[in-house]
Every structure is written in structure tokens, then in C-alpha cells.
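Q: I'd like to ask you about the structure that follows.
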Amino acid sequence: MSIDDPMCNPELARSKIPSWLVERAYAKMIEILEDSIDRIKLKPEPETVILVGGGSAMWPKTLRGAREVIRPEHAQYANAIGAATALVGAVVEKAYSYEQITRERAIQDASEEAKKRAVEAGADPSTVEVAEVEEIAMPYLPGNAVKVRVKAVGKLKL
């Protein structure tokens, strides 16, 4: 279906959906957005809100919890840009015994596997790097057991 398709005529929707229902649904959507703004704010004071993405045009010029609402030029393309510049990654979690392998070797092993998986997921091998390393002691297991979690990321190979 294209925008010039006769089925895309807004009058068809207006004739089938009562305006009170559309207004009520829109008010609920605004309420959900405003509640979301309040939940993510770090301070109780109003904050500047920047709206981007294709749907940013549908929101009102003022929102509860917002000092100002900004829609940057070309805001409708933000989602596409984000998708195009997104990193591809992989996470590996493995258990090791530091009595059987050195800490450095365990991290190296998990890192190599995470990088390999990131490439398999579509990352450009020349851009893949380790973004996070986490070690979690497992005192309930013998042998100085630890879980090593490694996240590797890279740019999407196009």
C-alpha cells in the first residue's frame, strides 16, 4: 500500500472511528509519554526533551515534566541513522577455575570467542573490540571458580 492508495484516505478512518475514541487514545498516549519522561529524569525539575524519529511530529509542543520540547531539523531520520550506525555485538559467559587456568588466559579465551561471535553476527572484523569484561566469583564451587563475561562490539559490515 502506498500513500496515494485510496485506502490511505484519512476520511475513511474518520468515518469509521468515533472522534471521542481517537481523542481518548491520543490523551492516553501523551500520558504514557509524560510518565516515561518523569521516570527517566534524574532530578524532579523539568528537563529539556528532544523528540526524534518518525513519530516525533505527533506529540504536542508542551509536555508535563518538560521545560521545553525540541524537535531537531531532520528529526524524522534519527531512527534510520541510529539503525545504520548501530554496533553489532556478542556476549560470552564462561566458567573457569583459576586453579586450572590463569586469569589472563581465561579473559583472553572469552574475549576471542566474543569477538568471533560478533563477526559471525555481522560485525566488521577490523572494528571489533572488547567493550566489557566482568568477573563474577562463584564461591559455591570448588577450585577458585569464576564466571567471566565478555562483550565484544564492532561496526556493521556493509
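Read in order, the letters of the sequence shown are residues 1440 to 1597 in the numbering used here.
Using N, Cα and C, we set each Cβ at its ideal position, and we do this for glycine too.
The structure presented is a predicted model; accordingly, all values stated were derived computationally and were not measured.
Which residues mark the beginning and the end of the alpha helix (DSSP H) in which Glu1552 is found?
A: Arg1542 to Glu1559
Q: Under 7 Å, Cβ to Cβ, is there at least one residue of chain C near Arg1503?
A: No chain C is present in this structure, which holds just one protein chain.
Q: Work out the CA separation of Glu1473 and Ser1495 for me, nearest whole Å.
A: 14 Å
Q: Between the Cα of Ser1565 and the Cα atoms of Lys1455, Leu1451 and Lys1594, which residue gives the shortest distance?
A: For Ser1565, the nearest C-alpha among the options comes from Lys1594.
Q: Looking at Val1585: is its Cβ nearer than 7 Å to the Cβ of Ala1576?
A: yes
Q: Throw me the rounded Cβ distance for the Ala1398 and Val1569 pair, which I believe falls under 8 Å.
A: Here the chain has residues from 1440 to 1597 only, and residue 1398 is not among them.
Q: How about Val1589 and Ser1550: are their beta carbons less than 7 Å apart?
A: Yes, they are a contact pair.
Q: DSSP state of Lys1500, grouped into three classes?
A: coil
Q: Assuming Ala1505 and Pro1483 make a contact with CB atoms under 8 Å, what is their CB distance in whole Å?
A: Ala1505 to Pro1483, Cβ: 13 Å. No contact.
Q: If you reduce the DSSP assignment to three classes, tell me which class Val1491 lands in.
A: coil
Q: Tell me the residue span of the beta strand (DSSP E) that contains Ser1458.
A: Note, Ser1458: premise wrong, no beta strand (DSSP E); alpha helix (DSSP H) at Ser1458 to Ile1479.
Q: Check each candidate in Gln1515, Val1488, Gly1493 and Ala1517 and name the one with the smallest Cα separation from Val1508.
A: When only C-alpha atoms are compared, the closest one is Val1488.
Q: Would you report the Cα separation of Asp1477 and Met1468, rounded to the nearest angstrom?
A: Answer to the nearest angstrom: the Cα atoms are 14 Å apart.
Q: Got a sec, what are the start and stop residues for the alpha helix (DSSP H) Leu1451 sits in?
A: For Leu1451, the enclosing alpha helix (DSSP H) stretches over residues Pro1449 to Lys1455.
Q: Using the Cα positions of Asp1444 and Leu1451, report the straight-line distance between them to the nearest angstrom.
A: 12 Å
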